[in-house]
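Written below as C-alpha cells is the structure these notes are about.
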Ligand SMILES: [Zn+2]
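In the working numbering, the protein residues as written are 18 to 231.
Spelled out as C-alpha cells, the structure:
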C-alpha cells in the first residue's frame, strides 16, 4: 500500500469515527422539512448511503441561516458581528488559516495575509464554518483547528468546506449563473472567490444538488 493509499484509508476511518459525533449532535440542527436529520440519515444508511448527506445538509442549512440573519455573504462581516476576532497575519509555512476558541473568550480566526483576496475570503468562511459547527451544533466552547494546505480531511473539514461553499456561493445563484452560461472566471469574480473554489463548488453541487434529498 502506498503512502497515499494509507492516508486515504486513514481519512476514511476518521470520517466513520466522526460520524457518531454528528449523529449525537444532530438533534439541534434545524430541519426545514420537519424530519429529524438523524432519522433521514438512518433511512439512507439502510440503502447503503452514507453520512455525508447529513453533514452537507447541516452545513448548508447553517450557512443559509447565517446569510439571511446577517443579510450578507461576507464572512468577515458575519464573523465580526458574531464577536469573533479576524486577524490577517503571517502564518507558518503551509498554513492557510486557523481558528482558536478558549472557554469564555472570543474566538480568533487567523488568515494567511499573503494569500490573494479570494483565497483569504474562502479561508475566513471555512474557519467560520468550524466555529458554527462547534458552537451551534456540538455546543463546544473550547476548540481549535489548524488548516494546513493539503492537510488531513475529516468530517469537520468537510462541514467547514460545505459551509463556506454555500455561504459564498449560494446554490441557487450558482446554478442560475451556470444556466446563463457564465464562465468559471465570471462566477469566481461574481462571488469574490478563486476559480479553484468555483470548480470545487460545481463538483459538490453535481454530487449533491440543492435539496435533492427532499
Ligand atoms: Zn478546517
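The beta-carbon is built from N, C-alpha and C at its ideal position, and this holds for glycine as well.
Quick one, which of the options has its alpha-carbon nearest residue i's?
i, options, result
"residue 133", "71, 171 and 105", "105"
"residue 85", "185, 124, 126 and 215", "185"
"residue 169", "112, 131 and 81", "112"
"residue 166", "211, 153, 114 and 210", "114"
"residue 219", "78, 100, 191 and 175", "191"
"residue 158", "180, 179, 138 and 117", "117"
"residue 140", "225, 212 and 92", "92"
Tell me whether residue i sits in a helix, a strand or coil according to DSSP, three-state version.
i, result
"residue 100", "coil"
"residue 85", "helix"
"residue 115", "strand"
"residue 106", "strand"
"residue 220", "helix"
"residue 58", "Note on residue 58: pLDDT 47, under 50, position unreliable in the model; the coordinate value appears next. Three-state result, residue 58: helix."
"residue 184", "helix"
"residue 163", "strand"
"residue 129", "strand"
"residue 10", "Outside the modelled stretch of the chain, which goes from 18 to 231, sits residue 10, for which no answer is possible."
"residue 140", "helix"
Which whole-angstrom value is the C-beta distance of residue i and residue j, which I expect to be below 8 angstroms?
i, j, result
"residue 80", "residue 183", "4 angstroms"
"residue 137", "residue 128", "5 angstroms"
"residue 181", "residue 209", "That pair is no contact at about 12 angstroms."
Quick one: does residue i have its CB under 8 angstroms from some CB of chain C?
i, result
"residue 152", "Included in the structure is just one protein chain, with no chain C present."
Residues with a Cβ closer than 5 angstroms to any heavy atom of ligand 1, in chain order? In chain order, the residues positioned with their C-beta nearer than 5 angstroms to some heavy atom of ligand 1 are 162, 164, 174 and 177.
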